[in-house]
Structure formats: C-alpha cells, structure tokens
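In this note's numbering, the protein residues as written are 13 to 240. This report refers to the structure that appears directly beneath it.
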C-alpha cells in the first residue's frame, strides 16, 4: 500500500505498512499551515453543508475531549487538513478492524489516499489501514445510504461521534461530508458518497470487497469508484 506521494515497489505487508506510515508523516508535515472546515450533519436524504473554517490541528485535537454524546443534537464535525499524528494523537480513535462490531462511534476518523499492489488507482483507507468502500445503490446528490440492517453488519458504515474530528492525508477537505443514518449514527461521506468498510477485510492491504456483487468498490479521494 503506497501513498500518492511515493510509489516504491511492492514489498509485502510490513513494508507496505511502513510506507503508509512514512507517507502520512510527510502529508502531515506538508499541511501544517492548512486549515480545514466545519460541516453540519445532513439527514439520510440531504447532503451536509460547509460552514466556517475549522481551527488549527492542535485546537481540533483538544476539542475531542468535549465531544458530545450521540443524539445530543446536530453538532458540527471538524474536518482537519492534516493527519491525526500531526495533531498529537495516537491510536485509532476507537475505530475497529474487520468483523469486529463498532460498539460506539470513534472519537475521530482519519481518511488517507493510497495505492496498493492489487489496486493501482488511488483509494481510501482508515487509520487501521483498512480499505474503504462505496455502494452503487447509494446516492451522492443528495447523499443517502441504502445499506441498513444485515447489509450494515457486512458493510459497517464509517461512523464518527458528533462533534468529532476527521483527519486527512491526500484528501481535499471540500470532498468530506456527513449524514445522519436512520439509526441516528453519523456516517462520513466523500464526494457525497457514504463510506463503508468491509467485514471480510481483516488486515492492511485487504481488498476482499472490491467489485463484490458488482456494486461495491473501493472509494477514491473524490468519491469515485477506484478501479484498475
């Protein structure tokens, strides 16, 4: 798996993880002076809208300490044009891996654009380096998810706490939005498309959901289908 900034030869899982880590650090350094934006949460049939610019990465990081509980209102999210590492954060923010159930929305989410040996087109991963996907039965304008119930168990939505922060590496902040799902959870969108992970992906570099049912595809940095 390779950042858009560097594309060394494919050298296996350990090297792939090292490449992603170093690339994220480069992205963070490159975006120290960049601001982000504030987005409000749209409902499941309307797109999120932009508001005032977000605070600096350090201020955004501190805001996670006062993240409101889910369901406390239409709290805005901060989209920060730098990585979580640049904001002084470590860990996963609460994002789980593979088939593990996301018991509570993460405090923060990171979206990073990479390429990989099985998929040379730019596509997004989360902080756990798990591939992220979009669903052809969804819509981007307006943003709406059609994956609920058993579908959402197999394809867990990329959710976040209200008032949380979305950190970026290789993704334009203007492409990021959020909707409120029918169950009340807040789901991240890219280019208007709701974003998911796949329960069948258990390790970095997995793309087991690519092309599944002819409707699920890795999602690109602007919400496009990432295909060869």
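Backbone N, C-alpha and C define an ideal beta-carbon position, used for all residues, glycine too.
From this set, the options, which residue's C-alpha is nearest residue i's C-alpha?
i	options	result
residue 91	100, 141, 190	190
residue 120	150, 95, 164, 194	95
residue 232	107, 115, 127	127
residue 165	183, 125, 208, 184	208
residue 113	212, 218, 223	212
residue 238	129, 93, 133	133
residue 140	174, 104, 147	104
residue 138	218, 50, 147	218
residue 223	210, 177, 122	210
residue 173	117, 228, 214, 226	117
residue 3	162, 178, 147	Here the chain has residues from 13 to 240 only, and residue 3 is not among them.
residue 214	108, 13, 93	108
residue 226	147, 93, 97, 14	147
residue 175	115, 183, 228, 200	200
residue 183	13, 115, 50, 122	122
residue 229	50, 162, 167	167
residue 161	115, 171, 13, 195	195
Return helix, strand or coil for residue i, following the three-state DSSP convention.
i	result
residue 101	coil
residue 224	helix
residue 54	strand
residue 229	strand
residue 108	coil
residue 239	coil
residue 158	coil
residue 144	coil
residue 137	strand
residue 114	coil
residue 234	coil
residue 128	coil
residue 96	coil
residue 49	strand
Am I right that residue i and residue j are in contact with their C-beta atoms under 8 Å? What's the rounded C-beta distance?
i	j	result
residue 144	residue 131	Wrong, their Cβ atoms sit about 12 Å apart, outside the cutoff.
residue 169	residue 197	7 Å
residue 110	residue 152	Actually they are not in contact, since the Cβ atoms of residue 110 and residue 152 sit about 27 Å apart, beyond 8 Å.
residue 155	residue 193	Incorrect: roughly 11 Å between the Cβ atoms, too far for contact.
residue 149	residue 205	So it is not a contact: roughly 11 Å between Cβ atoms.
residue 124	residue 181	4 Å
residue 52	residue 88	5 Å
residue 48	residue 185	5 Å
residue 235	residue 187	6 Å
In the DSSP output, which residue or residues are listed as bridge partners for residue i?
i	result
residue 202	188, 205
residue 89	51
residue 123	180
Is the shortest distance between the beta-carbon of residue i and the beta-carbons of chain B less than 7 Å?
i	result
residue 127	In the structure shown, chain B does not exist; there is a single protein chain.
If you measure from the CB of residue i, is any heavy atom of the ligand MN nearer than 6 Å?
i	result
residue 236	The ligand content of the structure shown is nil, which means the ligand MN is not present either.
Point to revise | Uninterrupted alpha helix (DSSP H) stretches inside the segment 160 to 196 (no shorter than 4 residues) | key: If we require 4 residues or more, the alpha helix (DSSP H) runs fully inside the segment 160 to 196 come out as 162 to 166.
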